[in-house]
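Trainee: Protein chains in written order, with our numbering: chain A, 45 to 423; chain B, 312 to 654. Idealized CB from N, CA, C, for every residue including glycine. This one's a predicted model, so the numbers in the text were calculated from it and none came from an experiment.
1. Residue 144(A) to residue 72(A), Cα distance in whole Å?
2. Sort 261(A), 172(A), 238(A) by Cα distance to residue 94(A) and report the nearest one.
3. How far does the beta strand (DSSP E) with residue 394(A) in it extend, from its first residue to its last?
4. Tell me residue 401(A)'s beta-bridge partners as DSSP assigns them.
5. For residue 581(B), which of helix, strand or coil comes out of DSSP?
6. Would residue 87(A) and residue 130(A) be called neighbours here (beta carbons separated by less than 8 angstroms)?
7. Following the continuous alpha helix (DSSP H) through residue 521(B), name the residue where it begins and the one where it ends.
8. With DSSP as the reference, identify every bridge partner of residue 294(A), one or two as the case may be.
9. Starting from residue 617(B), trace the alpha helix (DSSP H) in both directions and tell me its first and last residue.
10. For the alpha helix (DSSP H) that contains residue 281(A), what are its first and last residues?
11. Given residue 370(B), which residues of its chain have a CB within under 7 angstroms of its CB, disregarding the five upstream and five downstream residues?
12. Is the beta carbon of residue 613(B) less than 8 angstroms from the beta carbon of residue 621(B)?
13. Could you tell me which whole alpha helix (DSSP H) segments of length 4 or greater appear in the region 213 to 253 of chain A?
14. What residues in its chain sit with their C-beta under 8 angstroms from that of residue 219(A), if we drop five residues either side in the sequence?
15. Assign residue 366(A) to one of three DSSP states: helix, strand, or coil.
16. Against residue 384(B), what residues of chain A qualify as contacts under a CB-to-CB distance less than 7 angstroms, listed in chain order?
17. Does any residue of chain A have a CB that is nearer than 8 angstroms to the CB of residue 553(B)?
18. For residue 383(B), which of 627(B), 456(B), 535(B) has the nearest alpha-carbon?
19. Whose C-alpha, out of 313(A), 165(A), 388(A), 361(A), is nearest the C-alpha of residue 336(A)?
20. With 8 angstroms as the limit, tell me which residues of the region 602 to 618 of chain B have their beta carbon closer than that to any beta carbon of chain A; keep them in chain order.
21. From what residue to what residue does the beta strand (DSSP E) around residue 574(B) run?
22. In chain B, which residues lie less than 7 angstroms from residue 176(A) when you measure between Cβ atoms?
23. Do you know how far the Cα of residue 611(B) is from the Cα of residue 118(A)?
24. If we count the other Cβ atoms within 10 Å of its Cβ and call it buried at 16 or more, is residue 697(B) buried or exposed?
25. Within its chain, find whatever has a CB closer than 7 angstroms to the CB of residue 470(B); leave out the 5 residues flanking it on each side and keep chain order.
26. Within 8 angstroms of any Cβ in chain A, is that where the Cβ of residue 629(B) sits?
27. Using C-beta distances below 6 angstroms, list every residue in its chain close to residue 269(A), excluding the 5 sequence neighbours before and after it, in chain order.
28. In three-state DSSP terms, what is residue 320(A)?
29. Give the range of the beta strand (DSSP E) segment to which residue 417(A) is assigned.
30. Does the distance from the C-beta atom of residue 222(A) to that of residue 332(A) stay below 8 angstroms?
31. Since residue 410(A) sits in a beta bridge, which residues does DSSP pair it with?
32. Determine which residues of the region 139 to 173 of chain A have a Cβ less than 7 angstroms from any Cβ of chain B, and write them out in chain order.
33. Start and end of the alpha helix (DSSP H) containing residue 529(B)?
34. Considering only DSSP beta bridges, list what residue 11(A) is partnered with.
35. Please identify the residue among 366(B), 333(B), 428(B) whose C-alpha is closest to the C-alpha of residue 485(B).
36. Buried or exposed: residue 467(B), going by 16 or more other Cβ atoms within 10 Å of its Cβ?
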């Protein structure tokens, strides 16, 4: 026991002592990603996109500060999609690795756990994918690269009302998840405000697999559209059950749908459905096309929205560091806040006072088993 | 390591003194050390990351040690510990944000409130739960954990699934250390008192214990209530440290983490709970540092290597690192010092 304890102790000291060092011509940036846990696929996209950005910027000579070039070193840590692990990751990145800024985390609950730490240490945090409005609220050092839930709910409501000419709508959402609940409520308010009528507002709990009771009730109200602001692993089952019951409503969703698994699981049931997203792979935009080509070449898969947003967050930060002109977290924070018309993969990003960017959403249609760009909705 | 006797319930009944001076000395030394570390951290001499790990370790020690009361000493298999933590965390969050101004009095009220609230819920749950034993008890406690989490998710006042945001930060290492000492003083005094012996006798043979005149349900419910109370205390500390809590942090995954640390350290041992928590937490952080030092792309290997190490440890030491054994400091001094502990 004693011998073992001694070995462990010496390993601890060795690990902690060595990991603080590094060459002086490096700019360290932390990445907090859910590499393991319930959304680990998303964590892998995050890692892939971040490493791609790092490789590119270093191949292009790194970041110039004054007349000296620095290479970018990303420190990618696993937050397991748990708030308490995210807090540990943030503490480590800020105090142990002394990073200049942090990209992450992905889910809102994790970003919310990291944010107070970044805020009190005065280190900028850019979350690529956290759409919960609370994440940036009353915070100076916390930014995000995506739109927020209320905007997405509004975008889908406008699309349903104007493009699909819907008069009545039904909603089925997971009441136990903040993401689903947030979008569903905003959609309800915005759709009603635009003159539509919500005929059914049904709920279920995460991991439910039988939705027939709710869907039967929805079918009874005969809505023009059915809105499912839920995650990709549950949506196919809901749609298949709805079709089995003979529901004819047009089906809409939100960015939680964005995953290739959606079509694999749903098959032909997914045809003709729409969902709002951060970006569309086939949008006519050179930055997007470039990124998709490079990502596909390197990893042999299509990038999802989380990958695109992480890539944007990385470049947003690189540009800000360059503009700040020095490796100082506060100057970098100011440079991020002053970002105007940054042309990213997922659209143009500007900040106007808050940590939420001014940017639009796209509506994607599923046709022949593919995600096809349908239209853009701007704020 | 030399072989030694396990502490049998019988040998504990030999005359013992409850409050030995060595315990108070240990407690004071521990508090002084954590106070110094906290001061060093405040003055930026000590890396906040280390301080953070120590605080997490402290909170987990309270959780695991209290779970040990039910799963170790009482010998039941309860799976709802994170639920009581949630009760404590949300009670503290409400008290800290909606009632008092930030400061020490509010912190104390919040911690007392979270302890009492969790104890009350624990008592009520215990009344129902202990009509069953074994696997059924595991299922019922798991069910209560889910009920508590789902209930919070549906209360908008508590932030619902979005979580409770903006709790003032009041917990620091010294506060956590005080709570750890408090927990251990209470647990140690209970475990080596008649109550502890009742629990152990129920664990060893419930029917025999009942024949000896022990009110089994009452004894079980007492252990359960006390365990829930300390889980609530840890939850209260947690909420005021992390400043943000979400119902999903308290689901069965959290309970599972606690169980891993408990069984790693060894059930039925106060020192085992400390060793389990420290070993697991330090292992995870060492792996994090070592892997990110070698190559940033290896970060997810942590979740592959650490379970492997756990499997190896559990295979070589089947009753956990300290199963049913105790460090000398933790067991009250006996008249005849027959079973010396090792290390």
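Mentor: Judging by the given coordinates:
1. By one-based count along the first chain, residue 144(A) stands at place 100. By one-based count along the first chain, residue 72(A) stands at place 28. Rounded to whole angstroms, residue 144(A) to residue 72(A) spans 6 angstroms at the Cα level.
2. Counting from 1 along the first chain, the entry for residue 94(A) is found at position 50. It is 172(A).
3. By 1-based counting over the first chain, the position of residue 394(A) is 350. That run of the beta strand (DSSP E) goes 391 to 395.
4. To locate residue 401(A), count along the first chain from 1; it is residue 357. DSSP, once it has assigned bridges, lists 395(A) as partnering residue 401(A).
5. The count along the second chain starts at 1 and reaches residue 581(B) at position 270. Helix.
6. Here the question's residue 87(A) lines up with position 43 in the first chain. Here the question's residue 130(A) lines up with position 86 in the first chain. No, Cβ-Cβ distance for residue 87(A) and residue 130(A) is not below 8 angstroms.
7. What you label residue 521(B) is simply residue 210 of the second chain in a count that begins at 1. Run containing residue 521(B): 517 to 522, per the alpha helix (DSSP H) assignment.
8. Here residue 294(A) refers to the residue found at position 250 when the first chain is read from its first residue. Bridge partners of residue 294(A): 269(A).
9. Taking the first residue of the second chain as position 1, residue 617(B) is located at position 306. Counting along the chain, the alpha helix (DSSP H) containing residue 617(B) begins and ends at 613 to 627.
10. Walking along the first chain from the start, residue 281(A) turns up at place 237. Run containing residue 281(A): 279 to 288, per the alpha helix (DSSP H) assignment.
11. Position 59 of the second chain, counting from 1, holds the residue named residue 370(B). Within the same chain, residue 370(B) has close Cβ partners 487, 545, 548, 549.
12. Residue mapping note: residue 613(B) aligns to position 302 of the second chain, counting from 1. Residue mapping note: residue 621(B) aligns to position 310 of the second chain, counting from 1. Cβ distance not < 8 angstroms, so residue 613(B) and residue 621(B) don't count as in contact.
13. 222 to 237
14. Here the question's residue 219(A) lines up with position 175 in the first chain. If we look at residue 219(A) and ignore the five residues flanking it on each side, its Cβ neighbours are 225, 247, 248, 249.
15. For this step, residue 366(A) is matched to residue 322 along the first chain. Residue 366(A): helix per DSSP, three-state reduction.
16. As a first step, residue 384(B) is located in the second chain; it is residue number 73 there, counting from the start. None at all; the shortest Cβ gap to chain A is about 23 angstroms.
17. As a working note, residue 553(B) is residue 242 in the second chain. True, the Cβ-Cβ gap to chain A drops below 8 angstroms.
18. As a working note, residue 383(B) is residue 72 in the second chain. When each option's Cα is compared against that of residue 383(B), the closest is 535(B).
19. Start at 1 with the first residue of the first chain, and residue 336(A) comes out as number 292. Answer by Cα proximity: 388(A).
20. 603, 604, 607, 608, 610, 611, 613, 614
21. Working through the second chain from its first residue, we reach residue 574(B) at position 263. No beta strand (DSSP E) holds residue 574(B); the alpha helix (DSSP H) holding it covers 563 to 576.
22. If you number the first chain from 1, residue 176(A) lands on position 132. By Cβ distance, chain B contributes 473.
23. In the first chain, residue 118(A) corresponds to position 74, counting from 1. In the second chain, residue 611(B) corresponds to position 300, counting from 1. Approximately 15 angstroms, taken between the alpha carbons.
24. Chain B is shown from 312 up to 654; residue 697(B) falls before or after that span and cannot be answered.
25. The residue you call residue 470(B) lines up with position 159 of the second chain. The residues are 476.
26. As a working mapping, residue 629(B) is identified with position 318 in the second chain. No, because no Cβ of chain A sits closer than 8 angstroms to the Cβ of residue 629(B).
27. What you label residue 269(A) is simply residue 225 of the first chain in a count that begins at 1. 204, 210, 213, 293, 294, 296.
28. Indexing the first chain from 1 puts residue 320(A) at position 276. Reduced to three states, the DSSP call for residue 320(A) is strand.
29. Start at 1 with the first residue of the first chain, and residue 417(A) comes out as number 373. That run of the beta strand (DSSP E) goes 414 to 421.
30. As a first step, residue 222(A) is located in the first chain; it is residue number 178 there, counting from the start. As a first step, residue 332(A) is located in the first chain; it is residue number 288 there, counting from the start. No; because the gap between Cβ atoms is not below 8 angstroms, this pair is not in contact.
31. Translated into positions along the first chain, residue 410(A) becomes position 366. Paired residues: 415(A).
32. 139, 140, 153, 156, 157, 160
33. Along the second chain, read from residue 1 onward, the residue named residue 529(B) stands at position 218. That run of the alpha helix (DSSP H) goes 527 to 553.
34. Lying outside 45 to 423, the shown extent of chain A, residue 11(A) is not represented and no answer is given.
35. The residue you call residue 485(B) lines up with position 174 of the second chain. When each option's Cα is compared against that of residue 485(B), the closest is 366(B).
36. Taking the second chain and counting its residues from 1, the one referred to as residue 467(B) is at position 156. Exposed, because fewer than 16 other Cβ atoms sit within 10 Å of the Cβ of residue 467(B).
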